[in-house]
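Per full-length UniProt numbering: the sequence shown = residues 1 to 496. Heads up, the beta-carbon is just placed ideally off N, CA and C, and yes, glycines get one too. All values derive from a computational prediction rather than experimental measurement. So the structure is just underneath, and the comments pick up after that.
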Amino acid sequence: MDRSIRLRITDWLRRIPLRRRLAVLTAVAVAVAVAVSAFSCWLLVRDQLSRQRDERLRAYITVPRARPMDPIAVVQQFCGNHGPPPGLRQSDTVASVIGPDGLICTTNGSDTGTALNVTAADEAVAMEPGSDNWRDGTLAKGTEVRVYTRNLGMGVALAVATDRIDGQLDLLALRLAIVAACGVIMASSAGLLVARASLKPVDRLTDVVEHIARTEEVGATIPVAGTDEIARLSESFNSMSTALAHSRDRQTRLIADAGHELRTPLTSLRTNVDLLVRSDSTGRALPPETRTRLLGNMQAQMGELSTLIGDLLELSRPTNGRSGQEISAVALHEIAARAVDRGRLRGPGLRFEVRLQPWYVRGSAHSLERAVINLLDNAVKYSPPGGTVDVSLSGGRLTVRDRGPGIAPDELPYVFDRFWRSPSSRQLPGSGLGLSIVAQTVRDSGGEVTLGPADDGGPGTLASVLLPGSPSAAISPAAPIPPAAPAGEHDGGRTA
Numbered sequence: 001m002d003r004s005i006r007l008r009i010t011d012w013l014r015r016i017p018l019r020r021r022l023a024v025l026t027a028v029a030v031a032v033a034v035a036v037s038a039f040s041c042w043l044l045v046r047d048q049l050s051r052q053r054d055e056r057l058r059a060y061i062t063v064p065r066a067r068p069m070d071p072i073a074v075v076q077q078f079c080g081n082h083g084p085p086p087g088l089r090q091s092d093t094v095a096s097v098i099g100p101d102g103l104i105c106t107t108n109g110s111d112t113g114t115a116l117n118v119t120a121a122d123e124a125v126a127m128e129p130g131s132d133n134w135r136d137g138t139l140a141k142g143t144e145v146r147v148y149t150r151n152l153g154m155g156v157a158l159a160v161a162t163d164r165i166d167g168q169l170d171l172l173a174l175r176l177a178i179v180a181a182c183g184v185i186m187a188s189s190a191g192l193l194v195a196r197a198s199l200k201p202v203d204r205l206t207d208v209v210e211h212i213a214r215t216e217e218v219g220a221t222i223p224v225a226g227t228d229e230i231a232r233l234s235e236s237f238n239s240m241s242t243a244l245a246h247s248r249d250r251q252t253r254l255i256a257d258a259g260h261e262l263r264t265p266l267t268s269l270r271t272n273v274d275l276l277v278r279s280d281s282t283g284r285a286l287p288p289e290t291r292t293r294l295l296g297n298m299q300a301q302m303g304e305l306s307t308l309i310g311d312l313l314e315l316s317r318p319t320n321g322r323s324g325q326e327i328s329a330v331a332l333h334e335i336a337a338r339a340v341d342r343g344r345l346r347g348p349g350l351r352f353e354v355r356l357q358p359w360y361v362r363g364s365a366h367s368l369e370r371a372v373i374n375l376l377d378n379a380v381k382y383s384p385p386g387g388t389v390d391v392s393l394s395g396g397r398l399t400v401r402d403r404g405p406g407i408a409p410d411e412l413p414y415v416f417d418r419f420w421r422s423p424s425s426r427q428l429p430g431s432g433l434g435l436s437i438v439a440q441t442v443r444d445s446g447g448e449v450t451l452g453p454a455d456d457g458g459p460g461t462l463a464s465v466l467l468p469g470s471p472s473a474a475i476s477p478a479a480p481i482p483p484a485a486p487a488g489e490h491d492g493g494r495t496a
């Protein structure tokens, strides 16, 4: 088939609806199958009928090798109108005696219309002893026949002819064509019904997608039945729709919580600015110590806003390291050592017990360092004056333990939620995003983090981070980051 024709057919199929396309393709496939089957059947029937006809004609001339048929007796019997030999008594068969010069006589000598039209091939058989010949010929009245000619010796040949089977084959071809056409029509109807039934889930899926596009109401799902490809597509769509709904809910909560958290420092900052502006506009200067205190508060509030905005940007970045940060093999023990040095500056009166063993992981060095610093900031914030903070790294598990008041058991399920702060710590500085950043960073690196009471039952809180990696620097930088462990309860604390 020409390439342009194929392109036009392909373009036409793409323009018609999928339901009709399936029906058309089904009808074409069935039509080809039926046509091939019908043609094969016609060929088999033709060969079988031809073989039976030729065997019947050959059997009409029975010439035993031990007792050859006497040509003179044959001529006398035919030409004397005594009837054909016993093997030639079929009404649909014409027997003729042929000599070297042509036809001598037929079985019905008085009926010239049944005489066989002799050809040169027949005369050649009469002249050549032991020969025979098959051919298609005609009688004197024009009837088409199948002819078998055999030499009987002494320059005489006997030819038997019977009607050809072309008419029967034409009738069979017509009937097969009618049956094939009916089969194609039935297959087209069945294909259309099957296509409609099979594409009902796709129609429902299309309706839901159009509804979401029209109303922007994500979270809509469609019923799933069975385990076929359509069911898998429906399940995938339901999963995507549910994930989008959860993502929008998280985004909405993040915006609402961020607005709530930003309102407090902005309100305080605006109050202080208004007070300074009013003081300058009225000409009544504030006392130096009051002005200094206001400026200090404003500086602290600006720092709190900067920290909050930075935390929000960190939480809003894509997961799994797709935020433009470089993912590489990093030394977790070196990151923890730098974080401990910064923790000592933030808690000058605290004592740090540090035990770090080499461990290399794949992730973002900046994000992992910030996560470890957030854990240490929590430990420093809640440790009593002169207390001890234990930092340990062994076998990929990093633990940070303080000696503070600890976390109530009923508050543990919420410690990694964004903007969540326990009632006892709301007077302390912070935005409630530190542990959320820790949880997200650890998940992005394929690990898990837990927070709970100390293992020895003593005071304080134990934070544990487990990251996959290797104790040697030979970790492959191209290896994929393992999937994060699912959230759940672990060792008495919350896992994220």
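Run through DSSP, which three-state label would Arg-135 get?
-> strand
Roughly how far, in whole angstroms, is the beta-carbon of Gly-363 from the beta-carbon of Asp-249, given that I think they are within contact range, below 8 Å?
-> Wrong, their Cβ atoms sit about 28 Å apart, outside the cutoff.
Can you tell which of Leu-350, Gly-142, Arg-21, Ala-159 has its C-alpha closest to the C-alpha of Val-97?
-> Ala-159
Distance between beta carbons of Thr-461 and Ile-373, contact taken as under 8 Å = The pair is not a contact, with the Cβ atoms about 16 Å apart (cut-off 8 Å).
Proximity to Asn-133 [Cα-Cα], best of Gly-142, Leu-139, Ala-140, Arg-146 | Closest option to Asn-133, Cα to Cα, is Arg-146.
Report the three-state DSSP secondary structure of Gly-387 (helix, strand or coil).
-> Coil at Gly-387, not helix or strand.
Rank Arg-397, Tyr-414, Leu-433 by C-alpha distance to the C-alpha of Gly-447 and give the top, closest one.
-> Arg-397
Go ahead and pull the three-state DSSP assignment for Gly-99.
-> In the structure shown, Gly-99 falls within a strand segment according to DSSP collapsed to helix, strand and coil.
In three-state terms, what does DSSP make of Ser-470?
-> strand
Taking three-plus beta-carbon pairs below 8 Å as touching, is the segment 160 to 171 in contact with the segment 120 to 127?
-> Touching, no.
How about Leu-332 and Leu-368: are their beta carbons less than 8 Å apart?
-> yes
Buried versus exposed, by CB contacts within 10 Å (16 or more), Ser-4 | exposed
Would you check if there are 3 or more beta carbon pairs closer than 8 Å linking the segment 176 to 194 to the segment 15 to 31?
-> yes
Sub-8 Å separation of residue 498 and Val-218 beta-carbons | The first residue shown for the chain is 1 and the last is 496, placing residue 498 beyond what the model contains.
The alpha helix (DSSP H) spanning Ala-365 covers which residue range?
-> 365 to 382
Outcome for Asp-263 when other beta-carbon atoms lying within 10 angstroms are tallied against a minimum of 16 = Residue 263 is actually Arg in this sequence, not Asp. Its Cβ having fewer than 16 others within 10 Å, Arg-263 is exposed.
Cα separation between Gly-395 and Ala-336?
-> 14 Å
At what residues does the alpha helix (DSSP H) containing Asp-163 begin and finish?
-> Taken as a continuous stretch (DSSP letters only), Asp-163 belongs to no alpha helix (DSSP H), being part of the beta strand (DSSP E) at 156 to 163.
Buried or exposed: Gly-226, going by 16 or more other Cβ atoms within 10 Å of its Cβ?
-> exposed
Given a cut-off of 8 Å, decide if Thr-106 and Ala-95 are closer than it, judged by their beta-carbon atoms.
-> yes
Among Thr-292, Leu-451, Gln-440, Ile-230, nearest to Val-412 - alpha-carbon criterion | The residue asked about is misnamed: residue 412 is Leu in this sequence, not Val. The residue among Thr-292, Leu-451, Gln-440, Ile-230 with its C-alpha nearest the C-alpha of Leu-412 is Leu-451.
Short Cβ contact (8 Å threshold) for Val-389 with Val-380 | yes
Alpha helix (DSSP H) containing Pro-201: first to last residue?
-> 200 to 215
Cutoff 8 Å; reference Gln-357; Cβ partners in own chain excluding five residues on either side | His-333, Leu-393, Ser-394, Gly-395, Pro-471
Measuring CA to CA, which of Val-179, Asp-274, Pro-100 is closest to Asn-151?
-> Pro-100
Does DSSP classify Phe-416 as helix, strand or coil?
-> In the structure shown, Phe-416 sits in coil (DSSP, three-state: anything other than H, G, I, E or B).
Kindly indicate the opening and closing residues of the alpha helix (DSSP H) around Val-36.
-> 18 to 60
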